[in-house]
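Colleague: According to the working numbering, the stretch in the sequence shown is residues 11 to 223, in order.
Cβ atoms here follow ideal geometry from the backbone N, Cα and C, with glycine treated the same way.
These numbers come from a predicted model, not from an experiment.
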Amino acid sequence: MKFDKGINKKYRQSVEDAFATILDKGNDLQRLYMNAIVQSDMTVRVKPVSEINASGITGAINVIKTNLRLASTRLSLREALGEVYIAIAEETIDTGGQRGCEGTFVHEGRHAYDFAQTIESISNRDVNPLGVFNPTLYELEWEAHQTAGKYMLQINKQEYLDEGLQLMILGQNADGSYFVSDDGIRQRLRDSYGLVIDGNQGSTASEMLGIRV
11 MKFDKGINKK YRQSVEDAFA TILDKGNDLQ RLYMNAIVQS DMTVRVKPVS EINASGITGA
71 INVIKTNLRL ASTRLSLREA LGEVYIAIAE ETIDTGGQRG CEGTFVHEGR HAYDFAQTIE
131 SISNRDVNPL GVFNPTLYEL EWEAHQTAGK YMLQINKQEY LDEGLQLMIL GQNADGSYFV
191 SDDGIRQRLR DSYGLVIDGN QGSTASEMLG IRV
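#1: By how many angstroms is the C-alpha of ILE179 removed from the C-alpha of ILE195?
#2: Secondary structure at GLY69, three-state DSSP: helix, strand or coil?
#3: Can GLN164 and GLY36 be called in contact, C-beta distance under 8 Å?
#4: Taking GLY186 as the reference, which of GLU118, ASP172 and ASN63 has the closest Cα?
#5: If LEU33 sits next to ARG41, beta carbons under 8 Å apart, how far is it from one beta carbon to the other, in whole angstroms?
#6: Would you list the residues sitting across from ILE98 in a DSSP beta bridge?
#7: Taking ILE47 and GLY119 to be in contact with their CB atoms under 8 Å, please state how far apart those CB atoms are, rounded to whole angstroms.
#8: What span of residues does the alpha helix (DSSP H) with GLY159 cover, start to end?
#9: Is GLY174 buried or exposed, if buried means 16 or more other CB atoms sit within 10 Å of its CB?
#10: Ends of the alpha helix (DSSP H) at GLN49?
#11: For the stretch 132-144 against the stretch 195-204, are there 3 or more C-beta pairs whose distance is under 8 Å?
#12: Going straight from the alpha carbon of ALA97 to that of TYR188, what length do you get?
#13: Within 10 angstroms of its Cβ, does GLU151 collect 16 or more other Cβ (buried), or is it exposed?
#14: Which runs of the beta strand (DSSP E) fall wholly inside the stretch 164-204 and span at least 3 residues, in chain order?
#15: Within the same chain, show all residues whose beta-carbon is closer than 6 Å to that of THR114, passing over the 5 residues directly before and after it, in chain order.
#16: Can you list, in chain order, the residues of its chain with a C-beta nearer than 7 Å to that of HIS121? Leave out the 5 residues immediately preceding and following it.
#17: What residue range is occupied by the uninterrupted alpha helix (DSSP H) comprising VAL25?
#18: I need the DSSP call for LYS15, collapsed to helix, strand or coil.
#19: With DSSP run on the structure shown, which of helix, strand or coil describes THR76?
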């Protein structure tokens, strides 16, 4: 993992602390993709929310270069992660603190890992055409929301649980215990993204990245 130039030290420290906490406190799957990111050349950016229009966003660093590489090179997952960036908004860290930073990188980290799987599989499609991994936006967001909910349960602090309830990612049982709410996530994807499993699932990962398949 590498940082973009010019990131304020406090933001860089917050990101490093978030990754360390996820690697320490996350479940096996969360640690798997965070370790993959840390060991790669994936780029981390910190930008004002006015530039990225979200708390965090994931995409291809340079789609022209990525397409050129895909035309001639087979990439490993680690190499594919080097084609991807995650940008987090300064305001996410300023207002959400470490909870906001961790939550963004759990969610966007899953996107980065899935985008890297897409890039890797496309680079190897000449030898494994049936193995191309190219999920829809619905599928990407479903997995990222599921991962975020499981992380909130894993941390098990009230501020994390309260945020999960507010975002409809978590639900609460009559006995006060919490769970990842599939129904809540479906409603969130429908209301906030306009996505439904049996209808509009949005663009594919390759289309979002701008990659030729």
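Modeller: Taking the structure as given:
#1: 5 Å
#2: strand
#3: Yes. Within cutoff.
#4: ASP172
#5: 6 Å
#6: VAL56 and GLY66
#7: 6 Å
#8: 147-165
#9: buried
#10: From DSSP, GLN49 is part of no alpha helix (DSSP H); its letter is neither H nor E.
#11: no
#12: 30 Å
#13: buried
#14: 180-182 and 188-190
#15: SER65, GLY66, ILE98 and THR102
#16: THR68, LEU150 and ALA154
#17: 19-35
#18: coil
#19: helix
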